[in-house]
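>
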Amino acid sequence: MIVPDETIFGANDIGEGITYGQVRRILDDKERIHFLRLRLNTFFINQTQPLQISKSAFPLTLMTCVGIETLGEIFIQEDKHDTSFQFVEIIKKVHQKFGRPMSKDFDKKLTEIWKQKDLSNIDCYGKVLYRFFRNTMIHGYQAKGVFLSYEDLNEINIDKSSGFIIMNPDWFWNQFKIAYDSLFLEVENAQPNNPLRINCLKYISEFLLE
62 MIVPDETIFG
72 ANDIGEGITY
82 GQVRRILDDK
92 ERIHFLRLRL
102 NTFFINQTQP
112 LQISKSAFPL
122 TLMTCVGIET
132 LGEIFIQEDK
142 HDTSFQFVEI
152 IKKVHQKFGR
162 PMSKDFDKKL
172 TEIWKQKDLS
182 NIDCYGKVLY
192 RFFRNTMIHG
202 YQAKGVFLSY
212 EDLNEINIDK
222 SSGFIIMNPD
232 WFWNQFKIAY
242 DSLFLEVENA
252 QPNNPLRINC
262 LKYISEFLLE
């Protein structure tokens with residue numbers, strides 16, 4: 062075991078610390094999923110929420126991307142031929158617009174702007190966000206094709222004439238939290254053969270607890 066038993070895993074339902082050793086001794090699958098959700102509530106949701114209150118646009122949106130990536134690791138089986146696959150499958154659940162194919166006008170403008178780059182695998186707006194926000198923010202803290210605004214809009218604007226996406230950071234975070242709650246509710250009550258549930262339990266046993 063890489064992580065010692067006495068290390069704090071998260072919190073229980075009344076906010077008391079629970080260790081890796083205690084979670085390792087849990088045999089009920091639904092209870093394991095429940096404690097994973099409590100762990101993420103404690104260490105991710107609750108600690109990211111103050112960024113929304115303080116209007117910290119870049120950190121909030123970057124952490125939203127980290128959350129999407131994490132849910133992808135938990136619920137979606139990896140595609141070794143597409144590093145964006147898990148992220149995109151989750152962002153489609155954040156909002157349906159991210160799963161839509163790019164319009165011809167948007168695709169044309171995107172190609173003009175990034176003509177020096179290979180864009181052959183970008184076939185939906187979610188992949189635009191992965192390539193030109195998630196990647197560029199994590200590796201250089203700069204957005205290049207997705208921009209943030211509190212003033213101009215309340216949600217998301219896909220500007221077909223410019224080849225850019227503009228998002229409200231609060232909207233993005235709030236939509237993520239809705240998708241987060243929905244996914245865990247679905248998986249906690251799913252049948253044993255549900256793919257999301259299978260991947261979640263695999264993540265718990267092989268990634269977290271081994």
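Counted the way this note's numbering counts, the sequence shown spans residues 62 to 271. Backbone N, C-alpha and C fix where the C-beta goes; we use that ideal spot for every residue, glycine too. Quick caveat, the model's predicted, so the values are computed rather than measured.
Determine the direct distance from the alpha carbon of Ile-199 to that of Leu-286, and round the result to whole angstroms.
Given a span of 62 to 271 for the chain in the structure shown, any question on residue 286 remains unanswerable.
> Rounded to a whole number of angstroms, what is the C-alpha to C-alpha distance between Phe-245 and Leu-190?
In a straight line, the C-alpha of Phe-245 is about 24 Å away from that of Leu-190.
> Alpha carbon to alpha carbon, what distance is there between Thr-125 and Phe-96?
Between Phe-96 and Thr-125, the C-alpha separation is close to 21 Å.
> Going by C-alpha to C-alpha distance, which of Asn-196, Arg-100, Leu-214 sits closest to Thr-68?
Selected option, being the one with the closest Cα: Arg-100.
> For Met-228, name the three-state secondary structure that DSSP assigns.
Strand, per DSSP.
> Considering Cα atoms alone, identify which of His-156, Ile-79, Val-64 is closest to Glu-228.
Reading off the sequence shown, one finds Met at residue 228, where the question assumed Glu. Met-228 has its Cα closest to that of His-156, out of His-156, Ile-79, Val-64.
> From the beta carbon of Val-248, is the nearest beta carbon of chain D less than 8 Å away?
The chain inventory of the structure shown lacks chain D, comprising one protein chain alone.
> Whole angstroms are fine: how far does the CA of Phe-194 sit from the CA of Pro-162?
Their Cα atoms are separated by approximately 18 Å.
> Where do the ends of the alpha helix (DSSP H) carrying Phe-119 lie?
Unbroken alpha helix (DSSP H) run through Phe-119: 118-136.
> For Asp-166, which of Tyr-186, Arg-85, Ser-222 has the nearest alpha-carbon?
Among Tyr-186, Arg-85, Ser-222, the Cα nearest to that of Asp-166 belongs to Ser-222.
> Among residues of its own chain, excluding the 5 on either side of Pro-230, which ones have a beta-carbon nearer than 6 Å to its beta-carbon?
Excluding sequence neighbours, Pro-230 sits near Ala-118, Leu-121, Thr-122, Leu-209.
> Suppose the cutoff is 6 Å on Cβ atoms and the five residues either side in sequence are ignored; what does the same chain contact list for Glu-130 look like?
Cβ neighbours of Glu-130 beyond the five flanking positions: Phe-148.
> Quick one: Cα of Asp-140 to Cα of Tyr-202, how far?
Their Cα atoms are separated by approximately 26 Å.
> Using the C-alpha atoms, what's the distance from Ala-204 back to Leu-180?
Cα-Cα distance, rounded: 17 Å.
> Taking all protein chains shown into account, do 16 or more other C-beta atoms lie within 10 angstroms of the C-beta of Tyr-211, making it buried, or fewer, making it exposed?
Result: exposed.
> Since Val-84 is in the alpha helix (DSSP H), which residue starts that stretch and which ends it?
Taken as a continuous stretch (DSSP letters only), the alpha helix (DSSP H) holding Val-84 covers 81-85.
> When DSSP labels each residue in this structure, what does Val-189 get in the three-state scheme?
Reduced to three states, the DSSP call for Val-189 is helix.
> So, helix, strand or coil for Leu-97, using DSSP?
Helix, per DSSP.
> How is Leu-180 classed by DSSP in three states: helix, strand or coil?
Three-state DSSP puts Leu-180 in coil, outside helix and strand.
> If you draw a straight line from the alpha carbon of Lys-158 to that of Tyr-186, how long is it in whole angstroms?
So the alpha carbons of these two residues sit roughly 7 Å apart.
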